[in-house]
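According to the working numbering, the residues represented by the sequence shown are 1 to 362, in order.
Glycine included, each C-beta is placed from N, C-alpha and C at the ideal position.
Small disclaimer: the values here were computed from a predicted structure and weren't measured.
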Amino acid sequence: MSTFSKTRTAVVTALLVASGGMGTVAAQEAGTSASVILSNDLAIEIDGQLDDWAGIEATTTVGGPQPSADPGTNGRLRWQIAADQETIYFAATITDASIIAGQHGENYWNEDSIELYVNFSGDLASTEYGPGITQIRLAANDIGTGGLASLTGLGLDQVDVTGVVFATDEGWGTEIAVDVSTIAQPMTGDRFGLQVHANGASVDDRDLKVIWSARDTNDTSFQDPSVFGQGVFIEGVALEPVESTTGENPPETVGVEAEAATGAVGVESIIPDAPELETTDDPRRALLYSAIASAVFVFGGGLWLERKRRRDEAAHLLAREAVMARDVTTEAGLADGATEEEFQEMLESILEEGSPTDGFEP
Numbered sequence: 001m002s003t004f005s006k007t008r009t010a011v012v013t014a015l016l017v018a019s020g021g022m023g024t025v026a027a028q029e030a031g032t033s034a035s036v037i038l039s040n041d042l043a044i045e046i047d048g049q050l051d052d053w054a055g056i057e058a059t060t061t062v063g064g065p066q067p068s069a070d071p072g073t074n075g076r077l078r079w080q081i082a083a084d085q086e087t088i089y090f091a092a093t094i095t096d097a098s099i100i101a102g103q104h105g106e107n108y109w110n111e112d113s114i115e116l117y118v119n120f121s122g123d124l125a126s127t128e129y130g131p132g133i134t135q136i137r138l139a140a141n142d143i144g145t146g147g148l149a150s151l152t153g154l155g156l157d158q159v160d161v162t163g164v165v166f167a168t169d170e171g172w173g174t175e176i177a178v179d180v181s182t183i184a185q186p187m188t189g190d191r192f193g194l195q196v197h198a199n200g201a202s203v204d205d206r207d208l209k210v211i212w213s214a215r216d217t218n219d220t221s222f223q224d225p226s227v228f229g230q231g232v233f234i235e236g237v238a239l240e241p242v243e244s245t246t247g248e249n250p251p252e253t254v255g256v257e258a259e260a261a262t263g264a265v266g267v268e269s270i271i272p273d274a275p276e277l278e279t280t281d282d283p284r285r286a287l288l289y290s291a292i293a294s295a296v297f298v299f300g301g302g303l304w305l306e307r308k309r310r311r312d313e314a315a316h317l318l319a320r321e322a323v324m325a326r327d328v329t330t331e332a333g334l335a336d337g338a339t340e341e342e343f344q345e346m347l348e349s350i351l352e353e354g355s356p357t358d359g360f361e362p
């Protein structure tokens with residue numbers, strides 16, 4: 001491989017990493033969490049033409065309680081989500097060899113439909129619907145009507161949903177805008193509950209159910225929002241179209257509390273400044289300098305994350321041991337005459353002193 005080709009490969013790789021495309025910075029964990037582009041410069045028009053979604057990460061979901069035996073012709077759900085500070089945008093298409101619509105009254109869950117769920121309540125562990133939590137069901141019954149006359153769901157009075165449902169060569173799809181300004185103001189780094197479902201019937205009643213969140217193993221999202229996955233808002237627009245897949249056997253899930261505790265980490269907050277390089281008018285030399293700077297960004301960010309992981313792990317172990325010590329001490333009648341309040345102060349003092357691995361160099 002020539003020096004120029006190697007340099008170009010390094011630059012493309014670094015850009016994909018920085019944009020989250022390779023899962024190093026804005027990581028995607030299929031079926032558990034999703035990065036959601038947040039930008040006031042989105043040029044998305046709700047018209048059923050999805051060309052303006054290029055560069056927004058797409059997730060393909062084929063697993064669930066009733067998956068298809070042949071997702072290529074039936075039951076392969078591909079969806080994308082983005083936002084500005086007032087609106088959630090959602091687009092989805094699904095393979096569907098035999099569209100069943102308008103056969104079950106308003107029970108669109110029993111035939112071809114796609115569902116989007118969001119939780120902006122601030123309580124991602126909530127087990128019931130309330131303010132800020134919404135289910136939005138888009139029905140194939142609205143194909144070609146130019147509107148959402150068959151829209152159903154839960155908590156719809158809290159949001160304003162506009163959109164279209166359209167036919168595709170392989171099935172059908174939908175594109176919607178959800179005004180969430182009355183329940184949320186999305187900000188970079190914010191986490192919220194997110195879930196996506198698809199229902200399908202090939203003859204009469206529903207015989208297909210695919211679900212994105214790996215926490216929802218029994219199709220209970222319509223009753224229990226705690227089984228949603230999570231979305232995290234990241235700033236900007238992806239440089240390259242990105243795809244991720246949720247299969248029949250998604251990876252082990254991470255608890256809501258554990259994910260929330262990690263916070264949302266953006267590119268700027270974890271990668272140190274790149275070294276300054278001399279300028280040049282030679283395009284190939286400029287490309288080489290760019291590759292070097294990008295590599296330093298990526299390598300430095302990786303070292304920082306590893307050091308942080310080890311410090312956090314040690315801190316958690318320290319806290320766990322302290323709590324165990326408290327339990328033992330309490331059971332023994334608070335040996336040495338220490339009161340519960342004194343022990344709590346002691347524990348807080350230990351944790352404030354920091355992790356025993358502070359200053360550790362990997």
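Compare the C-alpha of Asp169 against each of Asp52, Gly31, Thr73 and Ile37 and name the closest.
-> What you label residue 169 is simply residue 169 of the sequence shown in a count that begins at 1. When only C-alpha atoms are compared, the closest one is Thr73.
Residues of its chain near Gly132, where Cβ-Cβ distance is below 6 Å and the 5 sequence neighbours each way are ignored | On the sequence shown, position 132 is the one that residue 132 refers to. In chain order, Phe120, Ser121 and Ile183 place their CB closer than 6 Å to the CB of Gly132, counting only its own chain and leaving out the 5 sequence neighbours on each side.
What first and last residue would you give for the beta strand (DSSP E) that runs through Gly55?
-> What you label residue 55 is simply residue 55 of the sequence shown in a count that begins at 1. Run containing Gly55: none; DSSP gives neither H nor E here.
Contact under 8 Å by Cβ, Thr162 with Ile176 = In the sequence shown, counting from the first residue as 1, residue 162 sits at position 162. In the sequence shown, counting from the first residue as 1, residue 176 sits at position 176. Yes; because the gap between Cβ atoms is below 8 Å, this pair is in contact.
For Ala82, does the three-state DSSP call read helix, strand or coil?
-> Within the sequence shown, residue 82 is the residue found at index 82, counting from 1. Looking at Ala82 - three-state DSSP - the assignment turns out to be strand.
In the DSSP assignment, what residue or residues form a beta bridge with Gly200?
-> Working through the sequence shown from its first residue, we reach residue 200 at position 200. Leu208.
Span of the beta strand (DSSP E), counted from its first residue to its last, around Ser226 | As a working note, residue 226 is residue 226 in the sequence shown. For Ser226, no beta strand (DSSP E) run applies, since DSSP gives it neither H nor E.
Can you tell me the Cα-Cα spacing of Ala82 and Gly105, whole angstroms?
-> The sequence position of residue 82 within the sequence shown is 82, counting from 1. The sequence position of residue 105 within the sequence shown is 105, counting from 1. Ala82 and Gly105 have their C-alpha atoms some 31 Å from each other.
Skipping 5 residues on each side, what residues in its chain have a beta carbon closer than 6 Å to that of Gly171?
-> Looking up residue 171 in the sequence shown gives position 171. The residues are Ile94, Thr95 and Asp96.
Would you give the residue range spanned by the beta strand (DSSP E) that Asn107 belongs to?
-> Working through the sequence shown from its first residue, we reach residue 107 at position 107. Per DSSP, Asn107 belongs to no beta strand (DSSP E) and is neither H nor E.
Segment limits, beta strand (DSSP E) that includes Ala125 = In the sequence shown, residue 125 corresponds to position 125, counting from 1. Neither: Ala125 is in no beta strand (DSSP E) and is coded neither H nor E.
Pull up the DSSP beta-bridge partners for Glu45, would you.
-> If you number the sequence shown from 1, residue 45 lands on position 45. Beta-bridge pairing by DSSP links Glu45 to no other residue.
Please state whether DSSP places Asn366 in a helix, a strand or coil.
-> What the structure shows of the chain is the stretch from 1 to 362, and residue 366 is not part of that stretch, so it cannot be assessed.
Note down, in chain order, each residue of its chain lying with its Cβ closer than 6 Å to the Cβ of Ala198, except the 5 sequence neighbours on either side.
-> The sequence position of residue 198 within the sequence shown is 198, counting from 1. Within the same chain, Cβ atoms closer than 6 Å to the Cβ of Ala198 are found at Leu77, Ile94, Ile114 and Val210, the five residues on either side in sequence being excluded.
Test item: CB-CB of Ala43 and Asp52 under 8 Å = Counting from one through the sequence shown, the residue named residue 43 turns up at place 43. Counting from one through the sequence shown, the residue named residue 52 turns up at place 52. Closer than 8 Å, so yes.
Per-residue DSSP class, three states only, for Ala149 | Position 149 of the sequence shown holds residue 149. If DSSP states are grouped into helix, strand and coil, Ala149 belongs with coil.
Is Thr357 helix, strand or coil by DSSP?
-> Within the sequence shown, the letter at position 357 stands for residue 357. Confidence at Thr357 is low in this model, with a pLDDT of 39, below 50, so its placement is unreliable and no value can be given for it.
Do the segment 209-229 and the segment 82-91 meet, that is, are 3 or more Cβ pairs less than 8 Å apart?
-> Not touching, per the Cβ criterion.
Look at Leu38 and Asp84 and say whether their C-beta atoms are less than 8 Å apart.
-> Residue 38 sits at position 38 when you count from the first residue of the sequence shown. Residue 84 sits at position 84 when you count from the first residue of the sequence shown. Contact flag set, yes.
Bridge partner(s) assigned by DSSP for Ala139 | Position 139 of the sequence shown, counted from the first residue, corresponds to residue 139. Per the DSSP secondary-structure output, Ala139 pairs in a beta bridge with Ser113.
Could you check which residue in Gln135, Gly155 and Val164 has the C-alpha nearest to that of Ala149?
-> To locate residue 149, count along the sequence shown from 1; it is residue 149. Distance from the Cα of Ala149 is smallest, within the candidate group Gln135, Gly155 and Val164, for Val164.
Gly200 burial status per 10 Å Cβ neighbour count (16 or more: buried) | Start at 1 with the first residue of the sequence shown, and residue 200 comes out as number 200. Buried, by the Cβ-count rule.
Excluding five sequence neighbours on each side, which residues of the same chain lie with their C-beta closer than 7 Å to the C-beta of Val227?
-> Reading the sequence shown from its first residue, position 227 is the one you call residue 227. Excluding sequence neighbours, Val227 sits near Ser213, Arg215, Asp216, Thr220 and Ser221.
Work out the CA separation of Glu57 and Glu235 for me, nearest whole Å.
-> Translated into the one-based positions of the sequence shown, residue 235 becomes position 235. Translated into the one-based positions of the sequence shown, residue 57 becomes position 57. Cα to Cα, Glu235 sits roughly 13 Å from Glu57.
Can you tell which of Val196, Ser126, Asp157 and Asp190 has the C-alpha that lies nearest to the C-alpha of Gln80?
-> Your numbering for residue 80 matches position 80 in the sequence shown. That would be Val196, whose Cα lies nearest to the Cα of Gln80.
Using the C-alpha atoms, what's the distance from Ala139 back to Gly146?
-> As a first step, residue 146 must be located in the sequence shown, where it is residue number 146. As a first step, residue 139 must be located in the sequence shown, where it is residue number 139. Here the alpha carbons of Ala139 and Gly146 stand approximately 13 Å from one another.
Beta strand (DSSP E) containing Asp90: first to last residue?
-> Counted from its first residue, the sequence shown places residue 90 at position 90. It should be pointed out that residue 90 corresponds to Phe in this sequence rather than to Asp. Thr87 to Asp96 is the extent of the beta strand (DSSP E) around Phe90.
Take Leu156 as the anchor and find which of Thr174, Val180 and Asn141 has the nearest alpha-carbon.
-> The residue you call residue 156 lines up with position 156 of the sequence shown. Here the closest residue by C-alpha is Val180.
For Ile176, the first and last residue of its enclosing beta strand (DSSP E) | Residue mapping note: residue 176 aligns to position 176 of the sequence shown, counting from 1. From DSSP, the beta strand (DSSP E) with Ile176 extends over Gly171 to Asp179.
Spatially closest choice to Gly55 from Val36, Ala69 and Ile46, by CA coordinates = Position 55 of the sequence shown, counting from 1, holds the residue named residue 55. The shortest Cα separation from Gly55 among Val36, Ala69 and Ile46 belongs to Val36.
Asp157 in three-state terms, based on DSSP | Locating residue 157 in the sequence shown gives position 157, where the first residue counts as 1. Looking at Asp157 - three-state DSSP - the assignment turns out to be helix.
Which residue from Thr134, Gly63 and Asn107 puts its Cα closest to that of Leu116?
-> The sequence position of residue 116 within the sequence shown is 116, counting from 1. Residue Thr134 is the option with its Cα nearest to Leu116.
With DSSP run on the structure shown, which of helix, strand or coil describes Asn119?
-> On the sequence shown, position 119 is the one that residue 119 refers to. Looking at Asn119 - three-state DSSP - the assignment turns out to be strand.
Would DSSP call Thr162 helix, strand or coil?
-> On the sequence shown, residue 162 is found 162 positions in, with the first residue counted as 1. In the three-state reduction of the DSSP assignment, Thr162 falls in the strand class, which pools E and B.
Glu276 burial status per 10 Å Cβ neighbour count (16 or more: buried) | For the purposes of this step, residue 276 is identified with residue 276 of the sequence shown, where counting begins at 1. A caution first: Glu276 carries a pLDDT of 46, below 50, which makes its placement in the model unreliable, though a value can still be read off. The residue is exposed, with fewer than 16 neighbouring Cβ atoms inside 10 Å.
Candidates Gln49, Asn40 and Asn110: which alpha carbon is nearest Thr174's?
-> As a working note, residue 174 is residue 174 in the sequence shown. Gln49 is the residue among Gln49, Asn40 and Asn110 whose C-alpha sits nearest the C-alpha of Thr174.
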